[in-house]
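Right, one structure below, let's go through it.
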Amino acid sequence: MKIKTKILYTIIPAALMLSIAIVTLNFETTPDLSGSQTVEMLPPVRPDYSSVTIPPNIAPMNFNIELEADKYFIRLYSDTNDKIEVISSSSIIKLPEKPWHKLLQNNKGKSLNIDIYTKTKNNNWQKYKTITNFIAKEDVDSYLFYRTIHPSHYRLTQNGPVQIIQHNLTNSKENILITGKSYYQGCVNCHSPLNNKTDKMTIGIRSDRYGTTTLYINGDKIQNIAAKIGYNSWHPSGKIIAYSTNNIRRFFYSAKNEMRDAVDEDSMITYYNVETHKIIMIDEISKKDKLETFPTWSTDGKYLYYCCSDKTWDNMEKIPPDGYYDLKYDLMRISYNIDKDVWGKPEIVISASEAKKSILMPRISPDGRWLVTCMVDNGGFPVWPTSSDLYITDLNKAEATGIFNYEKLSLNTDLSQSWHSFSSNSRWLAYSSKQQNGLFTRIYLAYIDENGQSQKSFIVPQKNPLRYDSTIESLSFPELTTGPMRISAGQLAAAIRNSNQIKVDIPVTMATPEEKSTKKLPPHQKSLTPYTEIE
Amino acid sequence: MQEINQISAKSLQGKVSLPSLFFIFYFLSVYLIVNPVLIYHGGTTITNFPAFFTGSDFLYKHFANPAEPSLYIYAFIAQFFYFNSTGALVITIQAWLFFIVITNIIKKLNLNCLIYLNYLPPLIILFLYNHYTFHFAALNNIIINLILFLLYIKLPSKTKPITMILAWPTIYYILGPSLAYLAVLCLTYELFFEKNYTNAVLNTALAVIAPYIIGVGYCNTPIKEAYCSTFPFSWETVSFAERKKLLSLIYVLYCMPIVICLLAGVCSIIKIKLKKSAAHTGKPEYNIIAAATVAIIALAVISLAYDKKQKAFFALDYNAYHKNWSKVLYYADQLPFNLLATHQATRALYYTGRLNEDMFKYPQQPHALLFTDNNILHTSLTIFDTYLDLGLINLAEHYLVRNISYAGERDIFIQRLAWINMIKGNAGTAKTYLTALSKTLFQRGWANEQLRAIKQDPFLSFTDNNEIQFARKNKIIKDISMSLMTQLDYLTYLLEANPKNKMAFEYMMAWYLITKNTDKFVDNLGQLRDFGYEQLPTVYQHAILMHVYSTQKEVNMQGFKISPQTIEYAKQFYSVMKQYAGDEQLQLKMLNEKYGDTYFYYYVRKFNKMPKFSGRPE
């Protein structure tokens, strides 16, 4: 036998046996916990996955035990006999996916209990108080789309581009759907699926080379619309998209802890017909002396909700302009008949002067029952001010009484909550929050029960539970969908670069915001207000 | 002559060989002249220096797309530019690998008459680094492809097809589109040298198919990226002026091996019998004249390549970041027309207590004091440090996060951002930056130390940390939109927050002097004693005299005196002014010769043409 062959015949079996030995030695059975001491405190875990309500199809909620020990033992169990036991010398606990899903699926509507034991050398096991979570009966939509961006908001990112990520909530797998690197430092923003499905979706693109356009995804087809469609909302019929055109100017505070802010110099709402490729003005909500933004359709398509404020300045020589700190948006709505393409009269839904808040970002649950808004002390961008909180309105009651009452959701913290969206079953609310660290936005999921009450929310699980600790990007703008994108990243990039765009006549009136301010600013006002993205 | 060469060759064989000598000399040149740590820092112009983080998240990110695995490795290696010695070693190894591979390719292709071309790539690499460019990934891609090519041409012909089928997709996944370069080399070799058309076709087909299947099909990479992303003509290089610098030399390095292959092929086709060299028979031949020529060329390249201004610019930035003030001033002296140099010199003069003596030795401009009036588009490390020192914490943070957009998640920015958030008391944000920093190679120690400090002091009171307490004391309190603020506003509000902020005071006085607002300057003389002045600094004396001269008004000296020497000096200045009063150009010329570095001259000089701001050496 040749030497090489001999060596192969020796090495391969030896390697196999060694592997088996390693696996066997590392395989630990349940430890003897009979002498364990009880510690009367809840074990600190990070992320905070204690006392939360979770969907039964969520990915394993891996966590880190914030206690120093040599060994950790974790047992997860519920009412049925399913249980998961993990013994680890690392404080980072990664739960096995299949047993996790089985445990959750078999115990919908029941508690999920987590017992944590720690052991140091020469000591017995210590058992902490049981963490009790609740498994909801309703699934969350399987996919989450969100945007990553550095807090700088500069779209001219040479490194760490703006991206849209597709995140599978059932197994934490992620794909980059769009990256600015694919089209020469481009930026991507408003991504809006129709009815929580990726069959029809719009994605706003900004690129120095390829222009400001909107991708319109319709099944397997992509069209590149040569128009900037800002904050937008699909009519439930899928025939039209209402959207706002904004002229946003960013500025920075010299001393405030959160130094970033932005003012919408001008805005209005129009709508785009996806079949005729026409943009049509809505005279009632495109007033020169008003700022109209954040459109969202009611579930039956009969009303368009939006935010509106008086525009108290004539020019933007100063940033922010005079009157900015008193700026508060009312929540309005206007009726619409899609068959006749007829609009009604605007009506106030929630008055800013009564609420003493600026009301922003209305979103309605797919069952038409709940309206959730952001309310901040003033201004038009809730992502930065700490006063930004989520409020809920029962639309059924509002229709019955004519009064749109609102209630602050219990998920709020003393930092910003914003950019919320509902799951297709109206039970889950995804939103952006800075509660984890103050600067970098993260995405949370909260259960909304039949009474409109929110349960304690939790941060979207990751395979590495400590990933958020060192991620210096903001993850924001969550949208929940029932399925993945059927178009590949390559196709999307190709569509963006495709010079074959659908030309759209954009009606220009006195109310149309200037795309970019052409006014000459004094030298000292130039340097800090470049055109940028908003988080 | 041949006997002399043979004797010399024999004597050399027993000692260090010529290539070894050359690369020792090479290492020393890079270490002493280039200073790779300056490239690590970026000098405000290198924006493609890769960040590197330990841990699985960063690692897994680099396996999603073709070429990312190699970029991960390059990013790791590039971190060793952090130290001069290891950076010089990395560059020398790059050059040496290129040398070895080219030598072997030339020998394998029987082109020994061109053997000394093997010194050309190292010299080009030295030239590239000597001009403070950073084509690190491109160089590594060329080298690795050449190594693979060398392995390929040593393979028996029969094994090549199966090797290509197995290896080409793997190489594509690791190296990305630069597989095409390997394919071109192999194609040239097969067509012209081996004349194996089957292998040539298979090679080409695989080079075309692999990117499509793996890149476009499996990894969902856009088609253009799948075929072009790692080449010098990709948009990531050509879209940025600083990354395009000396790109032609990269193309020379790309083309050189192809040309060698073509030459070898042509020679073999027309059957030119090349002179058999000792290398071909396995015995090295040392041609003393050739060796001397190479050495001389190397010396000349280094001398010619050494751009004093470029290096000064990089060194200025580096030393300002590390607060080596004497070196900042040294390099600022070499950049007399550069506003960034003036800005750094001003800062260095403050910290060495000479701001009010020597500030007008540098070409002061109003914009250069704080740069808040300029739309600075490119990275500038030390500008945010000036803001941090003064107490303009938010402004510093703004520029730092912008730098991350331009130049990546570099540890040099993250460290400052962590510090800023510690000053601001933002524990969560500080910990996020520090945790990220703890995953870098060379700042992890500092990061972990701060994380421990925060763990013990979760509310970030830092009562024992003098630096943080000092920064908090100086922090601006006035909260308005920075777009409404002028440079003077910043300085005024800083003094409102802390009247004892000496740096803000001296900068404010400097501002008045630079803008020739001597009224305001003399109005603030009363504060000098609060800042410990016992005597009037020279520049202040000059300014008072110019104020009196131009306004004919008396000045409340606040107990200070102008020295007799200054008065005498002023008289001399005045007499020169009078002497050439009829000819303004000549007057300024004569004044500049003797008094060009004084406030006297600055005050009377008119700015007919404001020099343009340029972040680069002029």
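Going line by line, the protein sequences match chains B and D. At position 505 of the first sequence the residue is numbered 515 (the numbering used here), and the sequence of numbers has no breaks. At position 202 of the second sequence the residue is numbered 522 (the numbering used here), and the sequence of numbers has no breaks. Heads up, the beta-carbon is just placed ideally off N, CA and C, and yes, glycines get one too.
Next on the checklist: In whole angstroms, give me the CA-to-CA distance for B/K183 and B/S464.
Outcome noted: 27 Å
Item to check | D/K759 CB to nearest heavy atom of the ligand ZN below 7 Å | outcome: The model on display carries no ligand, and the ligand ZN is accordingly not part of it.
Item to check | Contact with chain D by B/K452, beta-carbon distance below 8 Å | outcome: In the sequence on display, residue 452 of chain B carries Arg and not Lys. Not an interface residue.
Checklist entry - beta strand (DSSP E) containing B/V96: first to last residue? => result 93-98
Checklist entry - What three-state label does DSSP hand B/P532 in the structure shown? => result Since pLDDT at B/P532 reaches only 40, below the 50 mark, its modelled position is unreliable, and the value read off the structure follows with that caveat. In the structure shown, B/P532 sits in coil (DSSP, three-state: anything other than H, G, I, E or B).
Item to check | Segment contact flag, the segment 424-436 of chain D with the segment 521-533 of chain D, C-beta cutoff 8 Å, min 3 pairs | outcome: no
Checklist entry - By how many angstroms is the C-alpha of B/Y263 removed from the C-alpha of D/T812? => result 16 Å
Item to check | Beta-carbon proximity check, B/I289 vs B/P356, cutoff 8 Å | outcome: no
Next on the checklist: When you compare the CB of B/Q176 with every CB in chain D, is at least one pair closer than 8 Å?
Outcome noted: no
Next on the checklist: Distance check for B/G389 and B/Y335, CA to CA, integer angstroms please.
Outcome noted: 7 Å
Item to check | Contact under 8 Å by Cβ, B/L341 with B/Y313 | outcome: no
Item to check | Residues that DSSP places opposite B/G221 in a beta bridge | outcome: B/S217
Next on the checklist: According to DSSP, simplified to helix, strand and coil, what is B/K137?
Outcome noted: strand
Next on the checklist: For D/E717, which residues in the same chain have their Cβ closer than 7 Å to its Cβ, ignoring the five residues on either side in sequence?
Outcome noted: L737, I740
Checklist entry - Any chance the segment 124-132 of chain B sits against the segment 73-92 of chain B, with 3 or more Cβ pairs inside 8 Å? => result yes
Item to check | Own chain residues within Cβ distance below 8 Å of D/V648, not counting five before or after | outcome: L636, N639, A640, Q664, A665, R667, A668
Checklist entry - Given a threshold of 16 other Cβ atoms within 10 Å of its Cβ, counted over all protein chains shown, does B/I30 qualify as buried or as exposed? => result exposed
Next on the checklist: Can you find the residues in the same chain that come closer than 7 Å, C-beta to C-beta, to B/D89, ignoring five residues on each side of it along the sequence?
Outcome noted: N117, K120
Checklist entry - Going along chain D, which residues have a C-beta under 7 Å from B/R477? => result D377
Checklist entry - Taking one C-beta from the segment 403-417 of chain B and one from the segment 430-445 of chain B each time, how about it: are there three or more such pairs within less than 8 Å? => result no
Next on the checklist: Would B/R260 and B/A252 be called neighbours here (beta carbons separated by less than 8 Å)?
Outcome noted: no
Checklist entry - Along chain D, which residues have their Cβ under 8 Å away from the Cβ of B/L449? => result N741, N746, G748, T749, T752
Next on the checklist: Using only CA atoms, which one of D/A457, D/F469, D/I463, D/Y394 lies nearest to D/K428?
Outcome noted: D/F469
Checklist entry - Around the Cβ of B/T286, are there at least 16 other Cβ atoms within 10 angstroms (buried) or fewer (exposed)? => result exposed
Checklist entry - Are at least three pairs of beta-carbons, each pair with one atom in the segment 701-713 of chain D and one in the segment 886-899 of chain D, less than 8 Å apart? => result no
Checklist entry - Relative to the alpha-carbon of D/G585, which residue among D/K564, D/I413, D/Y921, D/L507 has its alpha-carbon at the smallest distance? => result D/L507
Checklist entry - How many whole angstroms separate the CB atoms of D/I425 and D/P441, which I take to be in contact at a CB cut-off of 8 Å? => result Going by Cβ atoms, the distance from D/I425 to D/P441 rounds to 11 Å, so no, they are not a contact pair.
Checklist entry - Any Cβ of chain B within less than 8 Å of the Cβ of D/H698? => result Here D/H698 scores only 47 on pLDDT, less than 50, and its place in the model is too uncertain to base an answer on.
Checklist entry - Distance, Cα to Cα, B/Y346 vs B/L370? => result 21 Å
Checklist entry - D/V868 by DSSP, collapsed to three states: which one? => result helix
Checklist entry - For the beta strand (DSSP E) that contains B/V198, what are its first and last residues? => result 197-204
Next on the checklist: When you compare the CB of D/W831 with every CB in chain B, is at least one pair closer than 8 Å?
Outcome noted: no
Checklist entry - Which residues does DSSP pair with B/D404 in a beta bridge? => result B/W380
Checklist entry - With burial defined as no fewer than 16 other Cβ atoms inside 10 Å of the residue's Cβ, what is the status of D/C575: buried or exposed? => result exposed
Checklist entry - When the cut-off is 8 Å and only beta carbons count, does B/Y335 lie next to chain D? => result no
Item to check | Euclidean distance between Cα positions of D/A520 and B/L455 | outcome: 56 Å
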